[in-house]
Amino acid sequence: MNLRNLTKSALLAAATTAMLIPASAYAQAGDAAVAAGSSMGKGLAVLGAGLAVIGGGLGIGLVGKGAVESIARQPEAAGKVQINMILAAALIEGATLFAVAVGFLAK
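Heads up: the sequence shown runs through residues -18 to 88, numbered per the numbering used here.
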């Protein structure tokens, strides 16, 4: 299974889950429905945080793959490529950690 099919499968599973959860929340009545809606929001926030981690991992993996291919083609540029790769990976990691923190802080 290649990366594109895996990404499509993960997005399809997330979309299906996001569509099915509200139906089960509305099936309940009264205060239980309010509590279920609250926990549903938290669940979706955590699901979003998980998707952010998956996206960050894929992004860093692709950056590393590109850097290794670049160094293999032009070994004399390894220093510049490595510095740029580390900078890009740090920016991706920072955005991912921010998304995870927002997901866990959702009320």
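Backbone N, C-alpha and C define an ideal beta-carbon position, used for all residues, glycine too.
All of these numbers come straight from a predicted model, not from anything done at the bench.
Proximity to residue i [Cα-Cα], best of the options
{"i": "residue 66", "options": "47, 20 and 32", "result": "47"}
{"i": "residue 97", "options": "87, 36, 49 and 23", "result": "Since the first residue of the chain shown is -18 and the last is 88, residue 97 is not available in this structure."}
Where the alpha helix (DSSP H) through residue i begins and ends
{"i": "residue 110", "result": "A query on residue 110 cannot be resolved here, the shown segment of the chain reaching from -18 to 88 and no further."}
Exercise for review: Count the CB pairs spanning the region 38 to 56 and the region 68 to 81 that are closer than 8 Å, and state whether there are at least three.
Suggested key: Yes: the two stretches touch, three or more of their Cβ pairs being nearer than 8 Å.
Exercise for review: Count the C-beta pairs between the region 28 to 37 and the region 79 to 86 that are closer than 8 Å, then say yes if the count reaches three, no if not.
Suggested key: Judged by pairs of C-beta atoms under 8 Å, the region 28 to 37 touches the region 79 to 86, as three or more such pairs exist.
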